[in-house]
Every structure is written in structure tokens, then in C-alpha cells.
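Protein chains: 6
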Amino acid sequence: MGDKFLFANSEKEDADVCIFGMPFDSTTSFKPGTRFGPNAIRDASYNLEFYSMALERNIGDIKIFDAGNIGFHTKPQDAISEISKRTNDLLKNDKFIVGLGGEHTVSYGIAHAMKEIYKDIAVIHFDAHADLRTEYDSEKFSHACVMNLIGSEIGFENIYQFGIRSGEEEELKFAEKTNFYPLHKYDTTQILEILDDLNISKRTYLTIDIDVLDPAFAPGVGTPEPGGITSNDMFKILNSLKKFDVVGFDVVEVNPMIDVSGITAMAAAKIVREGILNFI
Amino acid sequence: MGDKFLFANSEKEDADVCIFGMPFDSTTSFKPGTRFGPNAIRDASYNLEFYSMALERNIGDIKIFDAGNIGFHTKPQDAISEISKRTNDLLKNDKFIVGLGGEHTVSYGIAHAMKEIYKDIAVIHFDAHADLRTEYDSEKFSHACVMNLIGSEIGFENIYQFGIRSGEEEELKFAEKTNFYPLHKYDTTQILEILDDLNISKRTYLTIDIDVLDPAFAPGVGTPEPGGITSNDMFKILNSLKKFDVVGFDVVEVNPMIDVSGITAMAAAKIVREGILNFI
Amino acid sequence: MGDKFLFANSEKEDADVCIFGMPFDSTTSFKPGTRFGPNAIRDASYNLEFYSMALERNIGDIKIFDAGNIGFHTKPQDAISEISKRTNDLLKNDKFIVGLGGEHTVSYGIAHAMKEIYKDIAVIHFDAHADLRTEYDSEKFSHACVMNLIGSEIGFENIYQFGIRSGEEEELKFAEKTNFYPLHKYDTTQILEILDDLNISKRTYLTIDIDVLDPAFAPGVGTPEPGGITSNDMFKILNSLKKFDVVGFDVVEVNPMIDVSGITAMAAAKIVREGILNFI
Amino acid sequence: MGDKFLFANSEKEDADVCIFGMPFDSTTSFKPGTRFGPNAIRDASYNLEFYSMALERNIGDIKIFDAGNIGFHTKPQDAISEISKRTNDLLKNDKFIVGLGGEHTVSYGIAHAMKEIYKDIAVIHFDAHADLRTEYDSEKFSHACVMNLIGSEIGFENIYQFGIRSGEEEELKFAEKTNFYPLHKYDTTQILEILDDLNISKRTYLTIDIDVLDPAFAPGVGTPEPGGITSNDMFKILNSLKKFDVVGFDVVEVNPMIDVSGITAMAAAKIVREGILNFI
Amino acid sequence: MGDKFLFANSEKEDADVCIFGMPFDSTTSFKPGTRFGPNAIRDASYNLEFYSMALERNIGDIKIFDAGNIGFHTKPQDAISEISKRTNDLLKNDKFIVGLGGEHTVSYGIAHAMKEIYKDIAVIHFDAHADLRTEYDSEKFSHACVMNLIGSEIGFENIYQFGIRSGEEEELKFAEKTNFYPLHKYDTTQILEILDDLNISKRTYLTIDIDVLDPAFAPGVGTPEPGGITSNDMFKILNSLKKFDVVGFDVVEVNPMIDVSGITAMAAAKIVREGILNFI
Amino acid sequence: MGDKFLFANSEKEDADVCIFGMPFDSTTSFKPGTRFGPNAIRDASYNLEFYSMALERNIGDIKIFDAGNIGFHTKPQDAISEISKRTNDLLKNDKFIVGLGGEHTVSYGIAHAMKEIYKDIAVIHFDAHADLRTEYDSEKFSHACVMNLIGSEIGFENIYQFGIRSGEEEELKFAEKTNFYPLHKYDTTQILEILDDLNISKRTYLTIDIDVLDPAFAPGVGTPEPGGITSNDMFKILNSLKKFDVVGFDVVEVNPMIDVSGITAMAAAKIVREGILNFI
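Chains as they are written, first to last, in numbering that gives the first Met the number 0: chain D, 0 to 279; chain C, 0 to 279; chain F, 0 to 279; chain B, 0 to 279; chain G, 0 to 279; chain V, 0 to 279.
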């Protein structure tokens, strides 16, 4: 019931972690509304404890700044450009980035800035959709193309995709170039095994499309795809990602306009808390 | 519970009236979702009688074709272009046009085709918003600019605006060039008087943004503006417009994603019935 | 938050007024769900004061019994039969009847019993729809036929219909036989004048289809018809009906499945309170 | 956002598969509204890809015709009769049938026609409820009796029931005559084993009551029964049914009036896609 | 889509107007949830123009600071005490106060501080309910008692009540001591006349319970009372209050948990804009 | 669609089981509304069969009385006191208690009476939250403190807590004194093993906060905590509790205001049926 993320206890200068919202959803192909996602996740955060029982850590011990939302845009380039600029500035100030979507397109803005600053990065991607199209509705800056945009920039071999259960034939050609673990072949148990075995030496960005969860656990999303993982699976996975050099993450595609009981925003808020506690 | 507008009883060739949907909402500035408007209005039509008690006419006596929806686009130019093309084709076949939105941007597509075919037209505009901006979020093909686009093409002096209760200072400069009757100065009683006195010799297109109704009567809209007219006012106004040479009309901005009881789509469906019965 | 109508303060024997629910909705032609109407009106009653400021009377001074709901049926004859039987029993015990719908079909059950007991009755009818069909979907015991059923039994000349704004041509032939005051010719001001002038010497039953209100005031109804009266109009009308020998009334067609904010049930609950205070 | 099922790419003559809707829900015992199911499933289909990643097939390669909905009826016999007639016609034209409900009663209409045409059929049934009553509310053509009606016609020994977790004692006597695998004894793992071992030599019809899914995965149903299977379970099961000679299937009991985020219709739409891709 | 009221363009030091939220709702007698009101009004503000067409003024020209929300409390005394303290501080800094509720109890906190600082004040009160009880559920710090609390402190003769349409007999005794204009005797036309004639020489605080609007215009409230005024009435009234020395105002009882389309919060946000433009 | 719990077939004197509702939610820290829980669970019960297929028992064979709801209070002490008094009376009449919440605070009222009557009891607790705080918002009679209140009275060593996944560091000190099996260490499989091994010789009260279920299965709760158990897990656990001397149980925290499809109330209603059938 406040106006900042509950855990945001610091000013920009002091903070180790910076949270910001990206209220953009113009290329959404099914149900729009993720522009309201960042504020819904903030609102949901007021239901959570500072202490994580599973991780035995208190997020109150970490210095977090909530930078508010970037301006609202309807053109994807405008949104991406502002996101990149803001991210760039924060990375120069050594902040750990937490981005709140907004449709998935926004992740390209962050990844682009990460590439600029860190030169060499890996991206771990959880999603129901491959998001590897070259264009969608004659637009390449689209939620359906975001991993293609990122792959083109950081190298597809640096992308690790999990939970995917939807994609067109054409984009699956790109999936051959990424580290692609679709859900019908790799369920949560196997994902955890793969992550245990995996070594990524580079700085790593994590992008979580909340629709990687089954619609039962995340009904409030732009493009729900039945047959996903549980919230609890996601928390276990987050814990297993601790070993990587994660320098930031985002949670995108929360759509409050159809998240009637608010459980999608709540899952996202808890992912933010558990993510920060695992990675900082 | 069918898949066409209830009153659509004819094939294209035979029809005098052609209904089509325009599921476009990418430039929506507040709550998106009007892309689902056309189908919601169709669904609502199944609740209505064919007979209008007030007009003492039966819509079953009029030949109506439902052409379905134009394809879904996220870029405004693409949507406008397809709408213009389809309208152009229908006008060449002497159809009376009934367009279902979608956000207001789509009306430009129809008006553009009308101008092409009829050369000289007037546009009567009911809306809560002036929609006279030159651009919005650096985009001129925007719902907030649609009357400016139309005015630039058909001449601002051919535009008649009613019900307006929201607008920025800058766009009100353009309002000086149109026939501008804002709601705080001209309520329904006065609108009816003005319409009684008004002579328009040209073919006339009517565009109704459903948010001209008060949010009590039309809660399911992209940009609700408290302080509007009632459904009943609108039906009376439609009846008073009968004397003009109306060659088509649209009802736009119905947003089913927040029209929880469906009363906005129902008002729109009844406006379609009453409109056709008044103008054909 | 109790399990009876808030104002139900008496046992059956002592009561002057008996409330009962009729959870039937099988012939609903558009949005079903009025079976949940009676309990929703009960729940809403907990928001109201016992005292009516406008009528300067306290409903706590009147002995009221809530008899609960009749059993749930899917066949109209079964529902009507049980309603008639229960009403018959209550009338024999000199109770003033308050029925909660359910779809409008149920009113026939009550009117039938009234005719049995009182021989000669009049019915005042507020509704958006004429409900004068001879059959609907090859069923005569239908919400769309209820006034035809009642008229056939008590004489169409004993029916007074107000607020009507929807009907098919065929059923309007029957409207010639009733006292028919459609809304497009007789608005609230005129209804009040007519009622002032009207003399009905018979015992009178009042049936209120909540969709006589505009959908803005009663969005939660099976067949919403834009262009109705306000809640406040209805309260004034109820007060003007005080002069008649009203022996019971019903409020029907509240549909909680689409009455998301509960304002339709609230209007119905207040109509129940104001009705009782006017007529007892 | 179109007016046909997304995958419907053919006209009737050319099609191998024919989809049609059955908007009937008059005998629903709890929350009505499945009449709106077929259109909701159509709307949901616009969110899905043509390509199934798990099945590695593209539904665009299959010729599908969407025949729209049968007329709306409130009497069960009328609905059943029209469904049977339409199915009969389609079967004579060698179409693979895909029916969209509506309440479960409609499946009897299809099964009846199948028996007429094919003489000898088996029915595989997924549901939370046994649906084996002889009558419900003194009506035998009821959703609660549909498997009894079908069993009486095709022989109870030709019925295979899975996922059942609710039923009255009396109807369980009929369960002794069918191949009955209730969920508390046979969970998804065991269902898959049973299906692996099962041989059915006859043409087989598959009827899926979407409430076989847990309400978490399918909240929008007429009679939700906690304790069901997941969407993912259902997709695996569909794949295991591939070996049978499935000649058609239905998905019934989707209730959009309470399917607020639309995830139930989405699960149904994906079941339609996966079903067609498995069986054609 | 930002995290402050849209019009909040200044820091505390520079601001002439200070907005703050009071998320308290523990004594709510019917539907709780107004604790989420302040943030919902902020969110709604992003739909409004800076310019008021009716008032021909731009709110961007006024220096406004959004101080966020006071802490959440479940005990009324704690909330009142924090509100008083904050108001006191703001008044000492010569700020014009705009309070966002929360249930009506919170207004006592502000009025109490106003009395402390200004010694002599009047309160103009718009509400469906008299709120003059001495206690409710054995609690005097209750939304149902707020005008009694205020009257006891500033003198009942300094209270002006409009729009009231609900109250118990006992509290109407206190109404004899205030300037009491209940809605069934004084409708909007008459309210405007009274206000025109009225002289109040004291500094005046205005408290608006949003349920003074009819539930059609404000469905999202804790205790909806059918039969109220329209949004447009309220805007006219606000304009007529311009002549008084209004030193602050509040808008309370917006309940987002049942304000499904958000029109109640929207009405409140526009009341905030129009209020500030009228009074500053 | 009745006004009592469906299974309530007896009067108080004859009953072995007594159900009552506790509509209290004033200390709720996030989303209020559980005051409407008891009636929602009653409404949901009309969807269930009397017969439990898993337990092979018919609840119609058990004598159950529904005592309605205790009065509505906003002060926790008042609610607790009335609950204790009513429970005390019922226990003296040898009733098995089934309480319906309301927020969790109410369980203290029941447990307090149990301690009074039975002197020595154990409490088994299923919940997402530890509820072991000493106070919350300076109130000890709070939902967040209920197990601390109960532990202080019956001895912390007599409390068995399962499903917990949220708690502050301070309250976990009290968890060291209870039998504490948090969900991240003890999942359903392990809970069932522990219960198998567990011996409790005392009379045992069972308190189930419905948020022990994952929000996917119980979205309508005051404080949803992602990562919980399934409905089916809960039914299995209930069956395993059969061996204890359970003398009553409650199901609390059902919040109908956000339980849009009603599946939370449905899960609760089925827990009531299965609980009674296991324990009586």
C-alpha cells in the first residue's frame, strides 16, 4: 500500500540493487495490459515478509532502490532506447539490475546495455515461448522476437532457454543455435540437473517471462500457454542459479488487467525477493 | 451466441449494409483491450430484439452483411491502410458502412476512403475527447489525433464535434476551426436543438466514441472520462441525425477487458441497431 | 453476513410479511445466473439501515419472516408449481408476499396463486421488456411470456406495464390489450403523473424486473437493455404506488454472476425495504 | 480476434475435420454459462501457434472447417436433436468431428449419431463426475446423466471412464458396468499405463469434460471439483490415445462467465489443437 | 503508470498543495478494501489531462507534492493519530491539503489538525450517509461516526451536510444540530441554490465520501447506497464551492477491490483535479 | 442456493456436528474480505455430492446442524469472546465443531474454549504462515499471532505446524518450541510420513488456513503465498489425520472478494465434507 517496492529501503547512491519498471506493451499479440505490471508487482510486494524462510536471509539487509518506471511509450524503439539508457547509467554505477515488465520486448533494452558495458554476457531465459522470431507483424522490436534480438547481439550460443513449450517452426531453427531445453523434453527435475552441470563463466543476465509458469499459477499474462511449471519449481530453479555470476534479472509479462486475484503479480514479487536474495 | 452480428442476414452481394470489425488498439494511452471490441459487440447483439419499439421498425427487413474483422495489426499505418482499402471496396459496391472498433484511430481509415470515393464529406463526431492533437507519443496515427487527421483531409470546417469534455490546450486551437460543441456548454438538450437547426448538405459520416457516454453507462472503455451523457440521450440524438445524409457510421473504443458486465458492448450493439434503422 | 434477509426478524406464525427466494433461471435467453439472485439480495441487505430516511419509517417495526428459497429446479413447470403452492399457503395465512427472483417466469407462480385466492387481481409491471410472447423457444412457461401467462389468467385489462423499451412486433399486439406505457413515450415524470391519476380498486400485485433500471444502475441482469430509468426514479415510483391495495410484490432478474460490484443486488434490496415500508 | 476457430482454414466440402459449437446449458446444476463456451474457445484459439512443439506437427497442414454453432435452445431434447442431425450429416461426409460445449448433455447428441452411422463404437470419457445418473431433477436428458444415456445406447461395457472423483452411490452401480478408473485409485501415471495396455478395436469417440482438470487449471466450469489432473497430464494422455481409432472428440463444460482470466478456454483450445494433431 | 499522482510535479518545500493517502479501512461495516483507494486514485490520474476544459485552467501550473501514504494501521486511533500529526505539519508549512481515503474515519484526523491549527473551521460534507452516530460496534472512531467526532470538536453548527440518503433515527437527532440537506429533500439543483446563497466566513474543509455519487457512477465503495447524484452534478457543485475559503479537501471510500472497471477511482481522480483547480 | 450449508440436515439438539461461521477480518494485513467467507463456503457446498467417492461414505448419514454466523464485529476481542462463548456451549453439548472463517484470529476463540472444556488439547495447524508473532501492528489478537496465542494457552509443544513457508525471523524462535515442519523441508510426501509416525494421545483440534494451498488452488485468500500444496494433497492429508482424536476443525481465510471463480470456497467446502467424513 505504499508507492515503492516494499523492499526498497535506500536512495540511489547507497543502493546495491536498483529496481525499475518498464510499462510497455504495444506489440502484445493477444491480451494487452502488461503496462500495468510494474505497479501491480509493487503493490503485491506489500504482502511478503522481508525474511525468506527457505533461504534464511532477510532482504532488509540488502540496499535496494526503486527508481520508479520509465516513461510510457507506444513505439517499441522509444521504450527500448529509454530502457537501455537507464540501464547503462545504472550499470556504470555498479548496480545490480531488477527490471519489471511490461512485455518481453523490454528485456532487449536491458540486454543491449549489458552488452555495451560488459561486452561479453550470457542470458538465461525462462519462458513458455521461444521468442526467436525475426519479426512479428512486420516489426522486429516485438515481444515475439526478443531472444532473436538479444542473440543477434550477444551470440545465440550464449543463450540458455528453459520451459519453452510454444514456437513456430521457423523460429525453432534459431533454437538450434541456442542452448535450448524445451519443456516437453526437459521438465523441472531435468532443468535442475542441467543447471547443476552447467558452467557459465560470463556475467549472466536472467530474464523470466512469468508465463513460464502454468496459467494455473500465473493466469494474468498476455499469452497464457497451458502446460507449464509451478511457482515452487521456479523458486527451486532460482536457488540453483545462485552459482552463476548473475548481474541482473527481469520479471516480465505480468498482466494485471486479467490477474483478477492478483496471484500472478504475487508470484512475480516473490521471484523478485528470492532472486535478489539468491544473487546478492 | 453465433459468430456473426445477430442482424447479419445477407451475403455481401445482396447487402445494403456492411458491418466489419477493426481490432486495433496499439496506441491506446490508458487501458488497452479494444481489439476485442468487435467480437464483444457481436456477442452482445444476441440479446437484442430485431424490432425497435421506439423507431417502430424491424432490422430484419434490412439486408446486412457481416464481413468479419480486418486482420490484427500492431502498427497503426498497417491497420489504417487495410481499413481504407476494405472501405473503398465496399463504397464502390454502394454499401452503407458500419465499423466496429477498436480504438478511435481506425475511423481515419474509413474517413480516408470516404474522401477518396465521395470527394466531399462531413463528419459528425461524438466523443468525450477532442482527439485533435497533431501527435501523441511522437505518433500522428494515434487515437488522440484522429479528428486532426480527418480534419486535415476533409477540412476542419466539415467536422461537427459533440459531447467533448476533455482536451489539452494546444488541441483546442484546432477546435476553433471545427464546429465544436463541448459538453460543459452544450448538454443533450442543447445538442438536440443544434442538430435540429443544423443543415449539412454533404454526405455525412458519423463516428461515435462510446466514451461519449458517462462511464456509468459505458465503463468498458480505454479512457473513461466522468461526466458524460446517458445511453438514452444517445438514442435520441441518433434519431435526430436521421435527417442528414448519413452514409456510414462507426462505434469505437469498446474495451471488453474491463467491461465486466458487458453493458458497454450492449450499448454499442443497440447503437448499431438504432443507427441502421435511422439511417437506412 | 447472516443467512436470512437482514430485516427478517420474525418467525412464520407472527409475521405480517413473508420473503422467499425463487432460484430458477432455466429459460433465460441471454446470460443465465439469476438462480443466485435471492441469496445475493439477502447478502446485500446487510448494507442497509432499518430506517428509511425518505419514508421516515423503520422496517424493524414490521414483522417479517424469511422463508428461505424454494428448491432448485431446471424445469419451469416444477418451479412454477412449487412457487404457487407456497404462495397459496402464505396467502391463506394472510401474509404480504415478497418474492425474490430468479428469472421473471417465477412471477407467474405467485400471480397464479393470487388469482386462486383473491379471484380478482390487478398486476402492475415494471420491466424493460414486454414479456408478452405466447412462447419462446417453443416453451410458454418462459421469462419472455410471463405477462402473457398472467394476462391470460387475470385478464389483460388488469395489467399495467411501465418502463418497457423492448419487444417483438407480435407481442405488441397483446400490449394493445394491456394498459401499456412504453418508456419512449412515458418517462418517469409521466409515469408518476399516470399513477397519480390511476384508480385500481382491486387487490394489486407488483412485479419489478430489475432490468427496468438502466444497465448503469443494474448491470447484473440476464437481458440488459440500455435506456432505462434510475434507481431514484424507482424509489419515487414505489412511493407513488402506496395508494394502491398492494398485497405483495416481487423483484426478479438479479444476476449476481455478472453483478460484479453488487450494485444490482443492492438496488433490489433497497427496493424490498422501500416496498415493504410503502405497502405495509 | 476473428470469428472462426483460428485453425479453421477450409470450407465444408474440402475439410477433413469439422468443428462446431453447441451452446446449450439449461440443465446445469450449479453455475450456468457454458452456452458461451464455444465462442470463448474460438477466441482463445487466436493465442495459439499452428505448430505443436511437442508433436512436431503443424495444424495448418490439416483441412479444418468451422461450422459455427447450432441454434440456441433451452429444452435439452431440442438441442440433442439438432446436434444429432448435424453430426449425422457430417459423418456421412466422412468428417472427423470436433464438438465444443456447452454442458455435457450435448455429447449424447454426437454419440447418438455416431451409433447410428457406425453401429459399433466405444467412448472414452474424461471427467470429474461419473455422469451416470438415470435422471436429475426428474430429467434424463441432463448433464448428470449423459454417460448413462450413452451407455444405454452403445453398451456400458464400451465406455472407459477416467479422472472421475465425484458421484452418488446409486450411479456408481452403473460404474460397475463401465470400465471405470476413478482418480483416487488411478492417477495420471496409472491412467497412462492403463491406456498403454488397452486395446479398443472399435471406432472410438472421446469426450472431455474440462472439469477433469483441477479447478486451478480450469476454474471456469459449471461444477468445479477440487482434486483433478493438470493441463500437462491431459496433453500427455491425449498423446497416448493416438493409437486408438478416434473418429471425433468433444471438449465440454467451459464456462466463460466465471473463467475470468480465460485460462479454461485456453486449455480447451489447446486440447482441440493437440487432439486434432494426435488423431488426424 | 507512475508511482505518484500524475499531477504531482513538485517537491515538498516548493509545493502549494500536498496530496497524501490514508490506507485505513478497519471499521468498514460492509465491503472492506478502501485501504487500496489512494494508490488506485493515483493510477487513475494517468488517464486525465492536465487541462480542465470546463475550468479553462491547467493543473500543471500549480505546484503539487505527493507525500505518499501514511503507514498502514488496523487500529483506528493509530491511523487518526498519524494523519493528524502529518496534517498538522503540513498546515504549519502552509500547504493546501488533499487527502485520499481510505474509509471516512480518516477525515477526523485531518479535521482534528485543522482545528488545532486554525481554531475555527467549517466542514462541508458530501456523503450518502449522515455518519453522525456516537458509536458503531462499540467503537467511536468509526466511519459511521466521523461527522459526530468532527462536530463534537468544531461545533455541529459548523457542519454542512449534502447528499445524505441514509441514517438511523438516533443519529438524525444530531442532524438537527448540523446544517442538514438530505437528498430526498434537496437534489442537485437545490444544493446549487443553497450553496449560492450560503455564506461561510471561516476557513472551510471539504470532505467528499465518493458514495454520495449513485452506485452507477461509483460502484466501488464500501457501503453503496442506491439513489445518489451523478459525477457531473459533483463537478458542478465543486465549481459552486469555489467562493468559499476552502483550505483542503479529501475524497474517501474508494474501494478498488470492487471497482472492477476502475470508474470510481477515475471519478475520484477527476474530483481531485477539479477540486484543486477550483480552490487554488 | 439454500441458506444453510448443504449438508446441514439436523436441528441443534439432534446434531453430532455443528457448523458455524465467523465473519471477522479486521486485522487482515493485506486483502480484507474474509468476513464473507462463511456464506461463500455455504454457497459452494451446493455443488458437492453427499457421497465421498474416495472415502466411500455419505455425509447425509451424519447429523449436522448449521448454527449460522456469529455477529459481525470489528474489534478482535469482541469476535473472539463471542466465538469462545458459542464454542463452549456447543462443546458442553458434545458437538463436534466445524468453524468457518473469517481471518485466522477466530481460531483462537475456538481453541480457548476447547482448553476450557477439555483442559488438555493438541492443535494441528496447516498454513502458509507461521502465525507465531507476539503482536502485529501493536495488536496481539491478530491473524498473524494466532498460533502464539494458542501456544501460550495450550503449550507450544502441543502445536504441530505443517505447510509453513512464510514467517519473520523473530517468530521462528517460537517455531523452535512447536513441532514445526516448514514446507521447504517437508513436502506433502514427507508430511504424510510424519503423520503416519506421529502419536498424539490428546484430543486434537485441527486448524486449516486455506492459504496452505498454493494460490493456484486457492487464489481467494487474504495473504496469498506462492509455493504451496495442492487440493489433492490436502485431501490425502485429511485422510491421514483420521487416526487422531480430532474433536473439531476450522477452515479459515477464504476471501470471496477476490475468489472470482469461487474455487477457493469450493476447496474449503470439500475440505469440510471430507473432514467430517474422516473424523466422525
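No residue lacks a Cβ here, since even glycine has one placed at the ideal position from N, Cα and C.
All figures in this text were calculated on a predicted structure; none of them were measured in a lab.
Contact check, residue i vs residue j, beta carbons under 8 Å
i, j, result
"I193(V)", "Y180(V)", "yes"
"D126(F)", "D244(F)", "no"
"N238(F)", "N277(F)", "yes"
"L90(F)", "M113(F)", "yes"
"V271(B)", "V145(B)", "no"
"A129(V)", "T203(V)", "no"
Beta-carbon neighbours of residue i, restricted to chain C and to distances below 7 Å
i, result
"S165(F)", "E48 and M52"
CB contact below 8 Å: residue i versus chain C
i, result
"N38(B)", "yes"
"S239(D)", "no"
Buried/exposed call for residue i, threshold 16 Cβ in 10 Å
i, result
"N92(C)", "exposed"
"K242(B)", "exposed"
"Q160(V)", "buried"
"S141(F)", "buried"
"E138(V)", "buried"
"D24(V)", "buried"
"E224(F)", "buried"
"D60(D)", "exposed"
Neighbour list for residue i in chain C, Cβ cutoff strictly below 9 Å
i, result
"G221(D)", "Simply none; closest approach about 10 Å."
9 Å Cβ cut-off: residues of chain G touching residue i
i, result
"K84(V)", "By Cβ distance, chain G contributes nothing, its closest Cβ being about 16 Å from K84(V), past 9 Å."
Below-8 Å beta-carbon distance, residue i vs any chain V residue
i, result
"A127(D)", "no"
"D195(B)", "no"
Where residue i meets chain F, residues with beta-carbon distance less than 9 Å
i, result
"D42(V)", "F35 and N38"
Contacts of residue i in chain G (Cβ-Cβ under 7 Å)
i, result
"N231(F)", "G226"
Interface residues of chain G facing residue i [CB-CB closer than 8 Å]
i, result
"K74(V)", "D136, S137 and E138"
"D213(C)", "F216, T229, S230 and N231"
Contact set between residue i and chain F, taken where Cβ atoms lie within less than 8 Å
i, result
"F29(G)", "Y45 and N46"
Selected residue, minimal CA-CA separation from residue i, among the options
i, options, result
"L197(F)", "I228(F), N157(F), I163(F) and E167(F)", "N157(F)"
"R34(D)", "S44(C), I58(C) and S28(C)", "S28(C)"
"A217(V)", "G32(V), I257(V), G150(V) and A110(V)", "I257(V)"
"P75(F)", "P214(F), I61(F) and S106(F)", "S106(F)"
"G221(C)", "K30(G), N46(G) and L191(G)", "N46(G)"
"I153(B)", "N8(B), A110(B), S83(B) and E102(B)", "A110(B)"
Beta carbon proximity, residue i to chain B, threshold 8 Å
i, result
"E252(D)", "no"
"G261(V)", "yes"
"M265(V)", "yes"
Proximity test, Cβ basis, 8 Å: residue i and chain G
i, result
"F71(F)", "no"
"H111(C)", "no"
Cross-chain neighbours of residue i in chain B, by beta carbon under 8 Å
i, result
"D24(F)", "P31"
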